[in-house]
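Presented below is the structure to which this report refers.
There are 2 protein chains.
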Amino acid sequence: MTIKEIADVLKAHDNYEILTHNYPDGDCLGSGFALCIALQQLGKNARVITTELPQRFGYLTREVREQDFDAQFIISVDVADEKLLGINRSAYEGRIDLCIDHHGSNCVNAPARYVEAEAAAAGEIIFALAKELGVNITKGIADCLYTAVSTDTGCFRYVNTTPRTLRIAADLIELGCDSAYINKVNFETKSKRRVQLEREILENMIFCADDKCAIIYTTLEMVEGLSDDETEGIASIPREIEGVKMGITVREKPNGEYKVSARTNGDVDACEFCKGFGGGGHIGAAGCTLHGTLEGSIERLIKAAEEML
Amino acid sequence: MTIKEIADVLKAHDNYEILTHNYPDGDCLGSGFALCIALQQLGKNARVITTELPQRFGYLTREVREQDFDAQFIISVDVADEKLLGINRSAYEGRIDLCIDHHGSNCVNAPARYVEAEAAAAGEIIFALAKELGVNITKGIADCLYTAVSTDTGCFRYVNTTPRTLRIAADLIELGCDSAYINKVNFETKSKRRVQLEREILENMIFCADDKCAIIYTTLEMVEGLSDDETEGIASIPREIEGVKMGITVREKPNGEYKVSARTNGDVDACEFCKGFGGGGHIGAAGCTLHGTLEGSIERLIKAAEEML
C-alpha cells in the first residue's frame with residue numbers, strides 16, 4: 588500500500604488504538620504519540636497503548652488528549668513482530684488492522700501494511716503520513732517525530748541515517764521542535780548508577796589477542812536495580828576502542844546463563860566466532876549463550892578469540 | 588562582503604595558502620582542505636598550512652595535489668584571532684588577505700572578510716562558496732565538508748546545529764561522502780589510553796552538595812603521554828550525570844597551577860561561582876585558576892559549591 592492509501596484508510600475509520608513494542612524506545616513512542624496527536628487533530632478518537640512510558644519521554648504526551656472510547660481500529664507502529672507486544676500481546680495478537688513499520692523483517696499479520704525498510708525510523712513514515720493527511724505539524728508532533736528520528740539514528744550518527752532523515756530533522760526544527768532539550772535528555776543525560784556501572788565495566792575490561800579483542804562483563808550484582816534503559820548501549824564500549832577488531836560483552840542472567848554478544852567492524856566475522864559456541868547472527872554482530880562460571884566462560888572466549896584473531 | 592564577492596576575489600587571484608588554527612580540529616582542517624581542492628580544481632595553485640595533521644584526519648588530503656609555488660594570497664579559515672595561528676603566527680601575522688570564519692568574536696585583520704556567526708561550522712560557508720564558484724563537489728570535497736560540519740556540531744547534537752547544517756549534510760551524503768567512515772573515526776573511536784583515563788576519572792569522581800555537584804580531576808600523571816585530542820571533551824563527563832547542576836573539572840598544569848572549569852545547564856551561574864576564585868566566564872561555562880595542593884583546591888571547591896547550591 589502507498590502512503591496515500593494508508594492516509595485514506597485512516598480518514599475512513601475512527602476510534603484508534605496505536606500499539607508500540609515492549610521496552611519502548613524513542614522511535615515507537617515518538618511515532619505513536621505523533622500519529623495519535625495527528626488523528627485527534629483530524630477529529631478522531633485515538634490513544635497510544637504501551638507497556639510503559641519511561642520518565643524521560645514524558646514530554647511526548649504534552650499535546651495528547653485523553654479520550655474515552657471503545658477501540659475500533661488497531662494500528663501497530665515500529666512493531667516488527669506481534670511477539671514484541673509484551674504484556675499487550677494476549678489482548679491484541681491477531682487483531683491489528685494496520686501495521687506501520689521500518690523493519691525489513693516485519694512479520695505482523697495485518698490486512699493493511701506499510702513497511703519501508705529504507706526508513707531509518709518509523710518516524711520518517713509518520714512524518715510523510717502526517718503531511719499526506721494534511722495535518723498541521725504542531726510543536727508537539729514535531730517534538731515526537733524529532734525524538735523518533737534522532738533516537739533511532741544515534742542523533743544522525745549511525746549508518747542508517749540518510750539524506751531524507753537529515754532533511755526531515757531540518758524541517759522539524761523549523762516547525763519548532765525543541766531539539767536542544769530532546770538531544771540533552773536522550774544523548775547527554777546518564778544516571779549516577781549508569782556512570783557507576785560504566786566505571787565498573789572499564790575497571791574489569793579484559794584485553795586479549797594483542798589488544799585486538801576487548802571483553803567486558805556485567806554480573807547480576809553490577810546491574811541490580813538498573814532499568815533496561817540504563818544498561819542500554821554498553822555493548823558498544825569495547826568496540827569503540829582504537830585497534831579493537833572484536834568487542835565482546837558477557838552478561839550474567841538470572842537463570843545462571845551468560846549471554847554473550849560479539850560486535851566487530853565487519854572485518855572479523857562475529858557470526859563465525861559465535862557459531863563456535865552454538866550461537867549465530869550477522870558478520871558484524873552475533874551472540875551465543877555460555878554456561879558454567881563467569882571466569883570459565885571468559886577463559887573460553889579469550890582462547891577462541893586468540894585462535895581466531 | 589557577500590559570498591559572491593568572495594568568490595570573485597578567489598577567481599581573480601592565484602597561488603593560495605590557506606591557514607588553519609593551532610590544535611586543528613575537523614572544521615578548520617575539513618574547511619581548509621575542501622577550499623584547497625576546490626581552488627586546485629579551478630586551475631589555481633593552493634596548499635593548506637597547518638601546525639599539525641592528526642593521524643585520524645589523514646583521509647582529508649586524498650584529493651589534494653602537492654604544488655610547488657610562491658604564495659601570493661593568504662586565506663585564514665576558522666581562525667578567530669591571529670594569536671591562534673600557533674607556530675605559524677610569526678610568519679603570517681598581518682599578512683592575511685582574506686578571512687573566512689564563523690566565530691562572532693573574530694578579530695583577524697584582513698582587507699577581505701567573510702564572518703558568519705550563524706554558521707555552525709566554517710564548513711557551511713565553504714560549501715556555499717564552492718557552489719558559488721561553480722566547483723564540482725567531488726567525493727573528496729564532500730568528505731572534507733562533512734567532517735567540518737559534523738565535528739563542529741558533535742554530529743548534529745549541539746545547539747548550534749541548524750536546519751541549514753542538516754540540509755548541507757544531506758547534500759554531502761548524496762554527493763558521495765563516506766559519512767559512515769567519518770562518523771566512526773570521529774565519534775566512535777577512543778584510544779585505549781583515553782578509555783583508561785575515563786576509568787580513572789570516574790573512579791575518583793566526587794559528588795557533593797546533595798549530588799547536585801560532581802567534581803572530576805586529572806593529574807599530570809593521569810594525562811602523561813596523552814595528546815590534546817585524547818583529553819578533549821572530558822569536562823562534559825560530570826555535567827551529563829542526571830541531577831547534577833554543576834560539573835567541575837580540575838586539571839593539574841605543569842606549572843603547578845590547577846585549572847578549573849565549571850559547566851552548568853544555565854540554571855546555576857558558573858560565572859558567579861568562578862568569580863569567587865578570581866575567575867570568570869559565562870553563566871553556563873566559566874573557569875578559574877587555583878594554587879596549592881590538589882586536595883586543598885578540591886576542598887575549597889566543595890565548600891563553595893555547597894554554599895552556592
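Protein sequences appear in the order of chains G and R.
Residue numbers for the first sequence follow the numbering used here, beginning at 588 and rising by one.
Residue numbers for the second sequence follow the numbering used here, beginning at 588 and rising by one.
Note that CB positions come from ideal geometry on N, CA and C, so glycine has one too.
These numbers were taken from a predicted model, which means no experiment stands behind them.
Own chain partners of V746/R with C-beta closer than 8 Å, once the 5 adjacent residues on each side are dropped: none
Which of helix, strand or coil DSSP assigns to T805/R: strand
Beta-carbon proximity list for C861/R, same chain, < 8 Å, skipping 5 on both sides: V847, A849, G867, G868, A873, G874, C875
C-alpha distance - R780/R paired with A892/G, whole-angstrom precision: 22 Å
Complete beta strand (DSSP E) runs within the stretch 734-782 of chain R (minimum length 3 residues, chain order): none
Minimum Cβ-Cβ distance from C742/R to chain G less than 8 Å: yes
Proximity to T836/R [Cα-Cα], best of G820/R, N723/R, I728/R: G820/R
F660/G versus I755/R: straight-line alpha-carbon distance, rounded: 41 Å
CB contact below 8 Å: V837/R versus chain G: no
Residue interval of the beta strand (DSSP E) (run including K846/R): 845-851
Own chain residues within Cβ distance below 8 Å of I926/R, not counting five before or after: Missing from the structure shown is residue 926/R; chain R here goes from 588 to 896 and no further.
Listed by chain order, chain R residues near R786/G by CB distance under 7 Å: R786, L789, E790
Neighbourhood of V664/G by C-beta, 8 Å cutoff - its chain only, sequence neighbours within 5 removed: I605, L606, T607, C615, S618, G619, L622, I687, D688, A709, I713
Neighbour-count burial assignment, E669/R, 16 or more Cβ in a 10 Å radius: buried
Complete runs of the alpha helix (DSSP H) confined to the stretch 588-642 of chain R [at least 4 residues]: 590-599, 613-628
L813/G, DSSP secondary structure in three states: coil
Chain-ordered chain R contacts of L753/G [CB-CB under 8 Å]: F743, L753, R754, A756, A757, I760
Chain-ordered chain R contacts of F774/G [CB-CB under 8 Å]: R744
Proximal chain G residues relative to N770/R, where beta-carbon distance stays under 7 Å: R744
Min CB distance I828/G to chain R below 8 Å: yes
For K591/G, the nearest candidate out of K840/G, L720/G, V855/G, E859/G (CA to CA): L720/G
Per-residue burial, G589/G [other beta carbons within 10 Å of its own, 16 or more giving buried]: Reading the sequence as shown, one finds Thr at residue 589/G and not Gly. When all chains shown are included, T589/G counts as exposed.
First through last residue of the alpha helix (DSSP H) which encompasses A678/G: 676-679
Short-range partners of chain G found in the stretch 793-804 of chain R, where Cβ spacing is below 8 Å: F794, D798
Whole-angstrom distance between K726/R and I636/R, CA atom to CA atom: 22 Å
Below-8 Å beta-carbon distance, K777/R vs any chain G residue: yes
Collapsed DSSP secondary structure at I728/G in the structure displayed: helix
Nearest-angstrom Cα separation, counted from D815/G out to G834/G: 20 Å
Buried or exposed by the 16-neighbour rule on C-beta atoms within 10 Å, applied to R649/G: exposed
CB contact flag (L807/G, E839/G, <8 Å): yes
Cβ neighbours of A594/R in the same chain (closer than 7 Å, five flanking residues each side left out): L716, E719, L720
Bridge partners - Y701/G, DSSP secondary structure assignment: I687/G
Separation of A857/G from S677/G, as counted between CA atoms: 35 Å
From N609/G, F774/G, R826/G, G830/G, residue whose alpha carbon lies closest to that of L672/G: N609/G
For F774/R and I728/G, the rounded distance between their alpha carbons: 29 Å
Contacts of A767/G in chain R (Cβ-Cβ under 8 Å): V746
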